[in-house]
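Here the protein sequences come in this chain order: A and B.
One point on numbering: in the numbering used here, the residue at position 50 of the first sequence is 50, and numbering is uninterrupted.
Basically the numbering used here = 1-based index in the second sequence + 1000.
No residue lacks a Cβ here, since even glycine has one placed at the ideal position from N, Cα and C.
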Amino acid sequence: LAKTTQPISMDSYEGQEVNITCSHNNIATNDYITWYQQFPSQGPRFIIQGYKTKVTNEVASLFIPADRKSSTLSLPRVSLSDTAVYYCLVGEGGSSNTGKLIFGQGTTLQVKP
Amino acid sequence: DAGVTQSPTHLIKTRGQQVTLRCSPKSGHDTVSWYQQALGQGPQFIFQYYEEEERQRGNFPDRFSGHQFPNYSSELNVNALLLGDSALYLCASSLATRVGQPQHFGDGTRLSIL
């Protein structure tokens, strides 16, 4: 499974757009890119998953360039409740429902009023 | 539609004791994975169960063992507890035949070792 690198922490203000970039230079052809969100004392919650180009759902967008060596999670108009740790994962079948997930330290996003 | 449920939510044990944690997967899921999350760290994969057998294992000692039942629920057992076993233990479930679908996590069991 490919290793990922993402910033340890980020600060933002309410109403701003937040972009968190993840590097995965050794991504394999079959690998998907998946992002999870985690609040203190709760389990990780699936946000979004993609393979290439752009994916958008009701909470976020995921931008993946053609070489797939990085990806950017975009959170539009964040609120205080978006303060959490965000994990970028890369693996076969995306979150690899048939395999293990390898989590890094994640990015701690602090949204200020 | 019930999500992943874990019990108990909190547990306090002393060194050398044994503990059993329980997990019920999301309705319709057949695969259960266990993770250990130390404070300030990302979750670390312990093992995964499918069809009542351990299918994959992470870098954890044999003190960590598990079981999956015919109804797909699962147990995590830890023997000879050490202070370093204090952590949040997370269970995740998925459906093996749906490749590319995300794993769903429970909110974990907080285990404290005194």
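Cα-Cα separation, residue i to residue j
| i | j | result |
| --- | --- | --- |
| G123(A) | S61(A) | In the structure as shown, chain A starts at 1 and stops at 113, and residue 123(A) therefore has no counterpart that could be examined. |
| Q1101(B) | V18(A) | 25 Å |
| V59(A) | Q6(A) | 20 Å |
| V78(A) | D11(A) | 11 Å |
| R1110(B) | W1034(B) | 13 Å |
| T29(A) | T53(A) | 14 Å |
| T1020(B) | Q1036(B) | 14 Å |
| T1005(B) | E1075(B) | 12 Å |
| Q1056(B) | S1086(B) | 23 Å |
| V1032(B) | P76(A) | 33 Å |
| G1040(B) | G1028(B) | 32 Å |
| Y1049(B) | P1061(B) | 17 Å |
Neighbourhood of residue i by C-beta, 7 Å cutoff - its chain only, sequence neighbours within 5 removed
| i | result |
| --- | --- |
| I1012(B) | S1112 and L1114 |
| T83(A) | L109, Q110 and V111 |
| L194(A) | In the structure as shown, chain A starts at 1 and stops at 113, and residue 194(A) therefore has no counterpart that could be examined. |
Beta-carbon contacts of residue i that lie in its chain and below 6 Å, excluding the five residues immediately before and after
| i | result |
| --- | --- |
| T4(A) | C22, H24, C88, V90 and G104 |
| I20(A) | L73, Y86 and T107 |
| F39(A) | A84 |
| S1007(B) | R1022 |
| A1092(B) | S1033, Q1103 and F1105 |
Cβ-heavy atom distance, residue i to the ligand NAD, below 7 Å
| i | result |
| --- | --- |
| N30(A) | Looking for the ligand NAD in the displayed structure turns up nothing, as the structure carries no ligands at all. |
N-terminal and C-terminal residue of the beta strand (DSSP E) that residue i is part of
| i | result |
| --- | --- |
| G1053(B) | Strictly speaking, residue 1053(B) in this sequence is Glu, with Gly absent from that position. First-last of the beta strand (DSSP E) with E1053(B): E1053 to R1057. |
| S32(A) | The question names Ser, but residue 32(A) is Tyr in the sequence shown. It spans D31 to Q38 - the beta strand (DSSP E) in which Y32(A) sits, taken as one unbroken run. |
| Y18(A) | For clarity, residue 18(A) is Val in the given sequence; the question names Tyr instead. Here the beta strand (DSSP E) through V18(A) covers V18 to S23. |
| R45(A) | R45 to G50 |
| K54(A) | T53 to T56 |
| A1002(B) | No beta strand (DSSP E) contains A1002(B), which DSSP labels as neither H nor E. |
| A1092(B) | A1087 to S1094 |
| D11(A) | S9 to Y13 |
| L75(A) | S70 to L75 |
| I1046(B) | Q1044 to Y1050 |
| V192(A) | Residue 192(A) cannot be examined here, being either before or after the span of chain A that is shown, 1 to 113. |
| L1111(B) | T1109 to I1113 |
| V1032(B) | T1031 to Q1037 |
Closest residue to residue i among the options (Cα-Cα distance)
| i | options | result |
| --- | --- | --- |
| E1053(B) | N1059(B), P1070(B), D1062(B) and Q1044(B) | P1070(B) |
| Q1068(B) | N1059(B), L1088(B), D1085(B) and C1023(B) | C1023(B) |
| L1088(B) | Q1044(B), S1074(B) and H1029(B) | Q1044(B) |
| L1090(B) | R1055(B), D1062(B), E1051(B) and Q1103(B) | Q1103(B) |
| S1094(B) | E1051(B), L1083(B) and P1061(B) | E1051(B) |
| L1082(B) | F1060(B), G1016(B) and S1073(B) | G1016(B) |
| I47(A) | F63(A), Q37(A) and S71(A) | Q37(A) |
| A1080(B) | Q1048(B), Y1049(B), Q1041(B) and S1065(B) | S1065(B) |
| A66(A) | I102(A), R45(A) and Y51(A) | Y51(A) |
| T1014(B) | F1105(B), G1042(B), V1078(B) and A1096(B) | V1078(B) |
Identity of the residues DSSP links to residue i by a beta bridge
| i | result |
| --- | --- |
| I64(A) | T53(A) |
| E1075(B) | R1022(B) and H1067(B) |
| Q1017(B) | Answer is none; Q1017(B) lacks a bridge partner. |
| Q110(A) | D11(A) |
Chain-order list of residues whose beta-carbon lies under 8 Å from that of residue i (same chain, five-residue window excluded)
| i | result |
| --- | --- |
| S9(A) | T107, T108, L109 and Q110 |
| G1003(B) | K1026, H1104 and G1106 |
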